[in-house]
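Chemist: So that we are looking at the same thing, I have put the structure below in structure tokens.
2 protein chains.
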Amino acid sequence: MDVNKDLPRAARAQDVAKAAGVSTATVSRAVNSPDKVAPAVRDRVLAAAAALGWLPHAAGSALARKRTSIAGVVIPTLGQEVFATQVGAMQAAFAEHDITLLIGCSNYDPDQAAQQVRTMLTRGVDALAVLGQIPKPGLFEVVQARRVPYVITYGSAPDGGHPCVGFDNAAAFHTITRHLLDLGHKVVGMILQPTLHNERIVARLAGVRGALAEEGLGLRPQHLCEGEYGIQAGRKGLRHVLNADGPRPSAIICSNDLLAIGALLEAQTMGLTVPQDLSITGFDDISIAAELDPALTTMKADNAEIGRLAAGYLVSRLQGNATPSEVLIPPILINRSTTAQPRKRS
Amino acid sequence: MDVNKDLPRAARAQDVAKAAGVSTATVSRAVNSPDKVAPAVRDRVLAAAAALGWLPHAAGSALARKRTSIAGVVIPTLGQEVFATQVGAMQAAFAEHDITLLIGCSNYDPDQAAQQVRTMLTRGVDALAVLGQIPKPGLFEVVQARRVPYVITYGSAPDGGHPCVGFDNAAAFHTITRHLLDLGHKVVGMILQPTLHNERIVARLAGVRGALAEEGLGLRPQHLCEGEYGIQAGRKGLRHVLNADGPRPSAIICSNDLLAIGALLEAQTMGLTVPQDLSITGFDDISIAAELDPALTTMKADNAEIGRLAAGYLVSRLQGNATPSEVLIPPILINRSTTAQPRKRS
DNA sequence: GAATGCGATGCAAGCGCATTCATTAAACGA
DNA sequence: TCGTTTAATGAATGCGCTTGCATCGCATTC
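Protein chains in written order, with our numbering: chain A, 2 to 347; chain B, 2 to 347.
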């Protein structure tokens with residue numbers, strides 16, 4: 002009866018050491034640097050650990066080691082696919098380095114975000130990512146003071162100087178407009194989600210305008226519809242744009258996939274054949290986009306990649322490698338079936 | 002120069018104590034139980050803490066207190082709305098108790114799930130939730146051994162005896178079938194995602210059959226289509242079911258919303274008017290379901306509620322309250338516009 | 001005015017683990 | 001065969017914080 006099996010307390014390294022007839026130092030080494038321990042002893046220790054159901058307690062470890070192997074991520078909400086995807090990718094990338102993710106949601110509230118960041122620091126996270134949010138100026142001062150590597154994604158900080166992973170919204174919409182121009186479209190319309198307080202959307206519009214301007218074309222006001230966010234807004238937007246006076250657009254650029262889906266459904270309701278009668282593009286490549294009939298031509302700002310890059314950056318920072326402070330990934334065109342050459346018309 | 006401002010090391014309670022002219026005990030009390038400290042002293046301590054940018058280090062706290070205020074959650078993937086929603090709700094519910102969420106993804110792999118659970122325990126989580134996954138038998142032994150409260154959601158354990166929060170799939174589909182029967186439908190079809198290794202789907206089918214049987218009706222084999230998961234499968238399924246010999250179903254029950262969306266789109270493509278010509282139902286109430294035209298009649302197994310309940314259960318366990326071991330929430334019918342009385346036919 | 005009580009505070013002992021340093025045993029070379 | 005290097009291990013210390021217990025000062029109370 003050298004071991005008190007009926008003792009409710011969880012096993013500690015001490016207990017394992019006693020059971021294996023070694024010191025706690027050896028137990029620690031057997032687990033963390035197995036090659037520094039004689040094979041026979043190591044096996045004995047691991048066997049004892051297994052028998053006692055011992056799992057090293059990270060708090061003690063963190064204290065002694067001065068790191069937690071926990072990374073924090075603060076996001077607006079988990080309910081949106083783009084963020085969920087990024088977080089999922091980060092989780093996977095961190096897992097390869099035995100780093101676990103602590104998550105906090107800000108609900109789009111800068112104050113909550115700041116609070117979450119503070120919580121993360123308290124938890125002793127080794128690294129921190131803030132997703133999809135323009136942080137309050139000064140938010141990162143405490144983070145910097147603690148020398149905790151951090152990164153923001155899906156949008157850059159207004160005051161600059163923060164490491165960030167994202168993509169260029171204007172360039173992305175330049176690309177998608179270019180795609181339509183190359184197909185021969187001359188008159189395009191655009192359906193937008195609200196631009197108020199959202200520089201990303203403003204940039205998207207600018208990207209479209211810029212590409213059109215290169216061909217001496219423009220976006221007529223009546224072909225530009227800014228509404229809400231969602232499928233119904235897409236439907237309404239399409240009616241608005243197509244019912245405008247003057248030459249009808251042969252292509253509609255939507256600022257996100259839900260709008261595009263709405264536009265697509267409405268076009269079909271109106272008896273138009275997509276893409277022969279009308280080309281439609283989205284943005285995001287949400288999972289449903291590929292499933293539609295016809296499948297939506299859209300752009301994929303690879304959110305998984307953003308997550309991976311952000312995690313990778315933080316990991317390399319943890320390993321002491323300096324890396325560039327701003328990474329932009331190129332969104333890629335997913336050329337499916339809602340775009341085609343415009344029908345010849347007299 | 003009583004404080005070394007230029008010392009890179011982060012401030013500790015010690016430093017705050019010195020700056021405020023008190024002991025670390027008082028610092029701790031000022032933060033954790035402010036009423037046990039004289040107001041003047043408390044203010045002095047908090048001011049010193051703020052000045053030094055001190056944030057208590059959770060590892061030390063966890064060690065001394067024997068709890069971490071961290072809860073772990075293991076999910077198959079963040080990329081699916083149902084899980085993301087549950088996690089989001091849990092996060093919010095835990096946040097009210099100053100508990101932060103540590104997440105791990107299993108990628109639907111029982112071994113990874115087990116690994117994640119072990120990681121969570123190592124991190125010293127105070128509570129643990131496993132979402133949407135039938136755990137390997139014995140998985141929870143270590144958890145139980147450590148007396149860590151846990152709960153599984155969105156499915157019950159085969160070996161039973163585990164606390165769980167979810168809903169009764171059979172009852173849910175009984176309800177939705179009942180809804181159609183009450184509208185007067187006599188011939189219904191069903192489109193299913195794969196039933197293999199997925200008891201939840203089997204239960205859904207059983208629920209439909211049970212409700213039909215109560216009216217002396219049945220589900221004809223040719224009106225039952227089991228395919229893949231997704232919109233295209235829904236389209237294909239609908240064609241299959243409607244092209245079968247014999248009386249055409251006037252209503253189609255789909256085992257999830259994506260299948261229903263596919264069926265809806267296909268019905269419209271076929272020139273059918275939904276719901277007049279054909280009623281269609283889904284399940285899950287994914288966010289897009291409400292946006293379609295016509296909006297999808299479906300059932301909402303309130304995943305946010307599941308998350309909240311799971312978190313609430315764990316919190317009450319942490320507070321020492323015994324609670325029922327199995328909670329079933331009633332999924333609710335979201336009666337939108339894809340169901341109606343069947344058209345009279347001769 | 002002295003005894004009593006109580007609130008406010010400090011002291012010090014850990015919490016569980018990693019790690020430095022010293023020690024011992026083993027392996028090696030000559 | 002003996003000194004010397006190397007590998008394996010243990011004892012002891014500290015990471016940053018909480019908390020039981022002892023202490024002190026002050027306001028009650030008789």
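Here a beta-carbon is modelled for each residue, glycine too, at the ideal position from N, C-alpha and C.
In the segment 75-96 of chain A, which residues sit with their C-beta less than 8 Å from some C-beta in chain B, listed in chain order?
Modeler: Thr78, Leu79, Gly80, Glu82, Ala85, Thr86, Val88, Gly89, Gln92, Ala93 and Ala96
Chemist: Check the Cβ-Cβ distances between His58 (chain A) and every residue of chain B, and say whether any is below 8 Å.
Modeler: yes
Chemist: Please list the partners that Thr101 (chain A) has in chain B, where partner means a Cβ-to-Cβ separation under 7 Å.
Modeler: Leu103, Gly105, Thr120 and Arg124
Chemist: Does the Cβ-Cβ distance between Gln277 (chain B) and Arg344 (chain B) come in under 8 Å?
Modeler: Taking a C-beta distance under 8 Å as the contact criterion, Gln277 (chain B) and Arg344 (chain B) qualify as a contact pair.
Chemist: Taking 8 Å as the threshold (C-beta atoms), are Asp258 (chain B) and Ala234 (chain B) in contact?
Modeler: Cβ atoms of Ala234 (chain B) and Asp258 (chain B): not closer than 8 Å.
Chemist: Do you know offhand how far Arg13 (chain B)'s Cα is from Asp303 (chain B)'s?
Modeler: Each residue's CA atom was taken as its position, placing Arg13 (chain B) and Asp303 (chain B) some 44 Å apart.
Chemist: Anything in chain B within Cβ reach of Arg147 (chain A), meaning under 7 Å, just list it in chain order.
Modeler: Ala11, listed in chain order.
Chemist: By how many angstroms is the C-alpha of Pro150 (chain B) removed from the C-alpha of Asp7 (chain A)?
Modeler: The pLDDT assigned to Asp7 (chain A) is 41, lower than 50, so where the model puts this residue is not dependable; a value taken from the coordinates is nonetheless given after this. Going by the C-alpha atoms only, they are around 19 Å apart.
Chemist: Once you ignore the five residues that flank Ile333 (chain A) on each side, which residues in its own chain have a CB closer than 8 Å to its CB?
Modeler: Met300, Lys301 and Asp303
Chemist: Could you give the distance in angstroms between the alpha-carbon of Asp3 (chain B) and the alpha-carbon of Thr27 (chain B)?
Modeler: Note that Asp3 (chain B) has pLDDT 31, beneath the 50 cutoff, so the model's placement of it is unreliable and the number below is only indicative. Separation of Asp3 (chain B) and Thr27 (chain B) (C-alpha to C-alpha, rounded to the nearest whole angstrom) is 19 Å.
Chemist: With distance defined between alpha-carbon atoms, name the residue in A:Leu53, A:Gly231, A:Gly238 and A:Gln113 nearest to Glu222 (chain A).
Modeler: In the sequence as presented, Glu is not what sits at residue 222 (chain A); that position holds Pro. Here the closest residue by C-alpha is A:Gly238.
Chemist: Listing by chain order, which chain A residues have their CB less than 9 Å from the CB of Ile333 (chain B)?
Modeler: Within chain A, no residue comes near Ile333 (chain B); the closest Cβ sits about 19 Å away, beyond 9 Å.
Chemist: Output, in sequence order along the chain, the residues in the segment 290-310 of chain B whose CB is closer than 8 Å to any CB in chain A.
Modeler: Glu292, Leu293 and Asp294
Chemist: How is Val242 (chain A) classed by DSSP in three states: helix, strand or coil?
Modeler: helix
Chemist: Compare the C-beta of Gln134 (chain B) with all C-beta atoms of chain A and state if any pair is closer than 8 Å.
Modeler: Residue contact with chain A for Gln134 (chain B): absent (no Cβ-Cβ distance below 8 Å to any residue of chain A).
Chemist: Can you give me the start and stop residues for the beta strand (DSSP E) that Gly208 (chain B) sits inside?
Modeler: Premise fails: Gly208 (chain B) lies in the alpha helix (DSSP H), Glu200 to Glu215, not in any beta strand (DSSP E).
Chemist: Which of the three DSSP states, helix, strand or coil, is assigned to Gly247 (chain A)?
Modeler: coil
Chemist: Could you tell me which chain B residues have their CB closer than 7 Å to the CB of Ala264 (chain A), listed as they occur along the chain?
Modeler: Result: empty, since nearest Cβ-Cβ is about 12 Å, beyond 7 Å.
Chemist: Can you name the residues of chain B whose CB is closer than 7 Å to the CB of Thr274 (chain A)?
Modeler: Neighbours of Thr274 (chain A) on chain B: none; closest Cβ ~12 Å, over 7 Å.
Chemist: Given Arg45 (chain B), which residues of its chain have a CB within under 7 Å of its CB, disregarding the five upstream and five downstream residues?
Modeler: Ala21
Chemist: Under 8 Å, with one C-beta from each stretch per pair, do the segment 107-123 of chain A and the segment 104-119 of chain B reach the 3-pair mark?
Modeler: No, they do not touch.
Chemist: Pick out the complete alpha helix (DSSP H) segments inside the segment 84-157 of chain A, 4 residues or longer, and give them in chain order.
Modeler: DSSP runs (the alpha helix (DSSP H)) wholly in the segment 84-157 of chain A: 111-123 and 142-146.
Chemist: Please list, in chain order, the chain A residues whose beta carbon lies closer than 7 Å to that of Gly194 (chain B).
Modeler: The sequence as given places Gln at residue 194 (chain B); Gly does not occur at that position. Those within 7 Å of Gln194 (chain B) in chain A number zero; the least Cβ separation is about 14 Å.
Chemist: Asp246 (chain B): buried (16+ other C-beta within 10 angstroms of its C-beta) or exposed?
Modeler: Exposed, because fewer than 16 other Cβ atoms sit within 10 Å of the Cβ of Asp246 (chain B).
Chemist: Check each candidate in B:Ala173, B:Ile254, B:Arg309 and B:Leu213 and name the one with the smallest Cα separation from Pro331 (chain B).
Modeler: B:Ala173
Chemist: Does any residue of chain B have a CB that is nearer than 8 Å to the CB of Asn5 (chain A)?
Modeler: Below a pLDDT of 50, predicted positions are generally treated as unreliable, and Asn5 (chain A), at 34, falls in that range; no measurement from the model is reported.
Chemist: Is the shortest distance between the beta-carbon of Met2 (chain B) and the beta-carbons of chain A less than 8 Å?
Modeler: For Met2 (chain B), the predicted structure reports a pLDDT of 32, less than 50, and the residue's modelled location is therefore unreliable. A value from the coordinates is still provided. At least 8 Å separates the CB of Met2 (chain B) from every CB of chain A.
Chemist: Taking the C-alpha atoms as reference points, what is the distance between Gly348 (chain A) and Ser256 (chain A)?
Modeler: With chain A running from 2 to 347 in the structure shown, residue 348 (chain A) is simply not present.
Chemist: Count the other CB atoms, across all protein chains shown, that sit within 10 Å of the CB of Arg124 (chain B); report buried if there are 16 or more and exposed otherwise.
Modeler: buried
Chemist: Let me make sure I understand the geometry here. Which of A:Thr78, A:Gly89 and A:Asp127 has the alpha-carbon closest to that of Gly105 (chain A)?
Modeler: A:Thr78
Chemist: With 8 Å as the threshold, decide whether the Cβ of Leu8 (chain A) is near any Cβ in chain B.
Modeler: A caution first: Leu8 (chain A) carries a pLDDT of 45, below 50, which makes its placement in the model unreliable, though a value can still be read off. Chain B, which has no Cβ nearer than 8 Å to the Cβ of Leu8 (chain A), makes this no.
Chemist: Which residue or residues does DSSP assign as beta-bridge partners of Leu329 (chain A)?
Modeler: DSSP, once it has assigned bridges, lists A:Gly167 as partnering Leu329 (chain A).
Chemist: Should Gly139 (chain A) go down as buried or exposed, given a rule of 16 or more other Cβ atoms within 10 Å for buried?
Modeler: exposed
Chemist: Output yes if chain B places a C-beta closer than 8 Å to the C-beta of Gln233 (chain A); else output no.
Modeler: Cβ-Cβ to chain B under 8 Å: yes for Gln233 (chain A).
Chemist: What in chain B is Cβ-close to Gly54 (chain A), meaning under 7 Å?
Modeler: Val143 and Ala146
Chemist: So Ser62 (chain B) packs on Thr101 (chain B), CB below 8 Å; how close in whole Å?
Modeler: Their Cβ separation, rounded to whole angstroms, is 13 Å, which puts Ser62 (chain B) and Thr101 (chain B) out of contact at 8 Å.
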